[in-house]
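Each residue of the first sequence is one higher than the one before, starting from 19 at the first, in the numbering used here.
Below is one structure, written out as structure tokens; comments come after it.
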Amino acid sequence: IIVTGCTGWQGVFGFNRKRVLVALSGGVDSAVAAALLLEKGCEVAGITFQLWEENGAGSSGAPYRTRRAREAAADARRIAETLGISHTVVDLRQPFAEEIIAYFAGEYSSGRTPNPCVICNRKIKFSALLQKARELEYPYTATGHYARVEYGRTQKRYLLKKGLDPDKDQSYMLYNLTQEQLSHSIFPLGKMTKKEVRTRARALGLPAADRKGSQEICFIPGDDYRAFLRRRGVTAAPGPIVDRRGRVLGRHGGIPFYTVGQRRGLGLTAPRPLYVLEIRPADNSIVVGEREELFSSGAELAGLNLIALAALDRELEVSVKIRYRAPAVPALLAPLPQERSASLLFREPQAAVAPGQAAVFYRDDLVIGGGTITAAV
RNA sequence: UGGGGCGUAGCCAAGCGGCAAGGCACGGGACUUUGGAUCCCGCAUCGUAGGUUCGAACCCUACCGCCCCAG
């Protein structure tokens, strides 16, 4: 197994910088990442971020998940002990609530479908990780993500690449990272498969080795984001559900509780399944239609973050992921006049292009960049 | 009371003589660092009782229930 470990980085950063601060989530991946760095002779310290904890009993059947969240730090500590490395816990609940939770609720309230992890990685996790690394004088940071970083000599930029395990690749979630963040990042699992990671974890006797990876949004117990929003007092004014022709088919319980592409939970009767095509905050309506109506030929993006390019100054053939769990599809990426904006034209129409979601574009394994979908075209 | 219509799973709803579509909802599983996305699997003997028929949810009769029109 080849690991993008410290050795590979010495050429770039000099010789005696082998101190790595590893973010330990309490799960297998980050634990193995830390272990691999140790094997490479790095001086490793572990850090765990406390992002969220819901106080008070959740609504239906949430206690299990809630407890899990609370135990994550304890799990991480146990892992650190097993590995024989130091470990600190950093409380980021305040900034997390202000940045991520607020964004999350705000987006849903506006009829968009947020991707909190993408924002969190940039603004919270990697930001705090780098800051802590500086404080503690660790030149490198590492996480258990399935992705790769390289320095591109021709581009003179730090490049993000897909993880080699096609089933686990998490580069999508990292497209929003800054050059600064990438320049310090090591992803020890970038060339490994999940299976290999589990095997290593077992061999190392890591506590979390066989635990099933449960990855709901880290702050949503039981995967019920709607209940979460209600608990946070998100208001929901019921409104009409209409079809493309404007016929009223039913009522919805409030725009925040729906997402483009959604099929379940509409409570409508039709010969064929109905999907949410569009959410219109302007008149508080939700437009539904059949599967075929869900396809769009393109999308508009804002908040562009480029990784492999300094600027997008011409059209570019790329493959793009419209959502995390979707294959990359061919598309034409073109700059738009507005700052950090671009348009995408899919080679084949794509289903459920949801405003708020991230579009990440690639050339082969290389992440070119990404942006937030503002509209389906 | 007379005339007409209807009664299919929790809901909506196909079928109109040959082994009960589909959707919603529900249950289970897969997937999983966004999204009640996606993907699998499960889920009724057809208001009741008879009759006709090799065979009925589909035809006939009676009853029960509901709806509309008439007075």
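No residue lacks a Cβ here, since even glycine has one placed at the ideal position from N, Cα and C.
Keep in mind that this is a model prediction, so the values were computed, not measured.
Threshold first: 4 residues or longer. Then list the alpha helix (DSSP H) segments lying entirely within the region 116-154, N to C.
120-127, 134-138 and 144-154
Quick check: what's the CA-CA separation for Arg365 versus Pro348?
Mapped onto the first sequence, residue 365 falls at position 347. Mapped onto the first sequence, residue 348 falls at position 330. Cα to Cα, Arg365 sits roughly 6 angstroms from Pro348.
Quick check on DSSP: helix, strand or coil for Ser104?
Start at 1 with the first residue of the first sequence, and residue 104 comes out as number 86. It is a strand residue.
On a Cα-Cα basis, can you pick out the residue from Glu296, Arg166, Asn133 and Glu61 that is closest to Gln280?
Translated into positions along the first sequence, residue 280 becomes position 262. The shortest C-alpha separation from Gln280 is found at Glu296.
How would you call Lys213, buried or exposed, if buried means at least 16 neighbouring beta carbons within 10 angstroms?
For the purposes of this step, residue 213 is identified with residue 195 of the first sequence, where counting begins at 1. That one is exposed.
Pro373 and Thr131 look like a contact to me (Cβ under 8 angstroms); what is the Cβ gap, rounded to whole Å?
Position 355 of the first sequence holds residue 373. Position 113 of the first sequence holds residue 131. Rounded, the Cβ-Cβ distance is 7 angstroms, consistent with contact.
Which residues in the same chain as Leu286 place their Cβ atom closer than 6 angstroms to its Cβ, once the five residues preceding and following it in sequence are excluded?
Taking the first residue of the first sequence as 1, we reach residue 286 at position 268. Cβ within range, chain order: Leu267, Gly268 and Leu292.
For Ser77, which residues in the same chain have their Cβ closer than 6 angstroms to its Cβ, ignoring the five residues on either side in sequence?
Translated into positions along the first sequence, residue 77 becomes position 59. Its pLDDT being 39, under 50, Ser77 is placed unreliably by the model, and the measurement read from it follows with that caveat. For Ser77, where only same-chain residues beyond five positions count, the Cβ hits under 6 angstroms are Ala245.
Would you mind giving the Cβ-Cβ distance between Gly208 and Val50, rounded to the nearest angstrom? I have them listed as a contact below 8 angstroms.
For the purposes of this step, residue 208 is taken as residue 190 along the first sequence, with counting starting at 1. For the purposes of this step, residue 50 is taken as residue 32 along the first sequence, with counting starting at 1. That belief does not hold up - the Cβ atoms of Gly208 and Val50 are roughly 12 angstroms apart, past 8 angstroms.
Leaving out five residues before and five after Ala94 in sequence, what residues of the same chain have Cβ atoms less than 6 angstroms from its Cβ?
For this step, residue 94 is matched to residue 76 along the first sequence. Its chain contains Leu42, Gly44 and Thr66 as the residues whose beta carbon lies nearer than 6 angstroms to that of Ala94, once the 5 sequence neighbours on both sides are disregarded; these appear in chain order.
Does Val371 come out as helix, strand or coil in the three-state DSSP assignment?
Sequence index remark: in the first sequence, residue 371 carries index 353 (1-based). Correct three-state label for Val371: coil.
Taking just the CA atoms, how far does Gly321 sit from Val305?
One-based indexing of the first sequence puts residue 305 at position 287. One-based indexing of the first sequence puts residue 321 at position 303. So the two alpha carbons sit approximately 26 angstroms from each other.
Once you ignore the five residues that flank Trp70 on each side, which residues in its own chain have a CB closer than 8 angstroms to its CB?
Your numbering for residue 70 matches position 52 in the first sequence. Excluding residues within five positions, the ones whose Cβ falls inside 8 angstroms are Ala87, Arg111, Phe114, Ala115, Ile119, Cys236 and Phe237.
Run through DSSP, which three-state label would Ala254 get?
Taking the first residue of the first sequence as position 1, residue 254 is located at position 236. Three-state DSSP puts Ala254 in coil, outside helix and strand.
Phe364 (DSSP reduced to helix, strand or coil)
Stepping through the first sequence from its first residue, residue 364 is reached at position 346. DSSP places Phe364 in strand when its eight states are reduced to three.
Residues bridged to Arg381 by DSSP?
Counting from 1 along the first sequence, the entry for residue 381 is found at position 363. Partner(s): Leu384.
Buried or exposed for Asp301, going by 16 or more other Cβ atoms inside 10 Å?
Residue mapping note: residue 301 aligns to position 283 of the first sequence, counting from 1. Counting Cβ neighbours within 10 Å, Asp301 comes out exposed, since fewer than 16 surround it.
With 16 other CB atoms within 10 Å as the buried threshold, where does Leu200 fall?
The sequence position of residue 200 within the first sequence is 182, counting from 1. Buried.
Contact set for Ala151: own chain, Cβ-Cβ below 6 angstroms, skip 5 residues either direction
For this step, residue 151 is matched to residue 133 along the first sequence. Result list for Ala151: Leu39 and Thr159, in chain order.
Exposed or buried, Thr253, counting other C-beta atoms within 10 Å across all chains shown (16 or more means buried)?
Numbered from its first residue, the first sequence carries residue 253 at position 235. Counting Cβ neighbours within 10 Å, Thr253 comes out exposed, since fewer than 16 surround it.
Can you name, in chain order, every residue of its own chain whose Cβ lies under 7 angstroms from the Cβ of Tyr164, other than the five neighbours on each side?
Working through the first sequence from its first residue, we reach residue 164 at position 146. Excluding positions up to five away in sequence, the list reads Gly181, Asp183, Lys186, Asp187, Gln188, Leu207 and Gly208.
Leaving out the 5 sequence neighbours to the left and right, which residues in its chain are closer than 6 angstroms to Ile325 when beta-carbon positions are compared?
Within the first sequence, the letter at position 307 stands for residue 325. Closer than 6 angstroms at the Cβ level, and outside the excluded window around Ile325, lie Leu178, Val385 and Gly387.
By DSSP, does Phe67 sit in helix, in strand, or in coil?
Here residue 67 refers to the residue found at position 49 when the first sequence is read from its first residue. Phe67 falls in the strand class under three-state DSSP.
Considering only residues of the same chain and omitting the five flanking positions on each side of Arg262, which have a CB-CB separation below 8 angstroms?
The sequence position of residue 262 within the first sequence is 244, counting from 1. Hits under 8 angstroms: Leu295, Val305, Gly307 and Glu311.
For Glu89, I'd like the list of residues in its chain whose CB is within less than 8 angstroms of its CB, leaving aside the five on either flank, ordered along the chain.
Counting from one through the first sequence, the residue named residue 89 turns up at place 71. If we look at Glu89 and ignore the five residues flanking it on each side, its Cβ neighbours are Gly44.
Here's the rule I'm using: 16 or more other beta-carbon atoms within 10 Å means buried, otherwise exposed. How should Thr390 be labelled?
Mapped onto the first sequence, residue 390 falls at position 372. Looking at its Cβ environment, which holds 16 or more other Cβ atoms inside 10 Å, Thr390 is buried.
Select from Ile340, Ala328 and Arg358 the residue whose C-alpha is nearest the C-alpha of Gly170.
Numbered from its first residue, the first sequence carries residue 170 at position 152. Nearest option by C-alpha distance: Ala328.
Under 7 angstroms Cβ to Cβ from Leu363, same chain only, skipping five residues before and after it: list those, please.
The sequence position of residue 363 within the first sequence is 345, counting from 1. Closer than 7 angstroms at the Cβ level, and outside the excluded window around Leu363, lie Ser315, Gly316, Ala349 and Leu350.
Under 7 angstroms Cβ to Cβ from Gly272, same chain only, skipping five residues before and after it: list those, please.
Sequence index remark: in the first sequence, residue 272 carries index 254 (1-based). Contacts found: Ala254, Ala255 and Pro256.
Mind reading off the beta-carbon distance from Val46 to Arg216? Whole number of angstroms is fine, and I expect it under 8 angstroms.
For the purposes of this step, residue 46 is taken as the residue at position 28 of the first sequence. For the purposes of this step, residue 216 is taken as the residue at position 198 of the first sequence. Confirmed, Cβ separation roughly 7 angstroms.
On the DSSP letters alone, give me the boundaries of the alpha helix (DSSP H) that Phe313 sits inside.
Locating residue 313 in the first sequence gives position 295, counting from the first residue. Run containing Phe313: none in the alpha helix (DSSP H); it sits in the beta strand (DSSP E), Phe313 to Leu324.
For the putative contact between Leu319 and Ala377, defined by C-beta atoms under 8 angstroms, what is the C-beta separation to the nearest angstrom?
To locate residue 319, count along the first sequence from 1; it is residue 301. To locate residue 377, count along the first sequence from 1; it is residue 359. Sure, about 6 angstroms apart at Cβ, within 8 angstroms.
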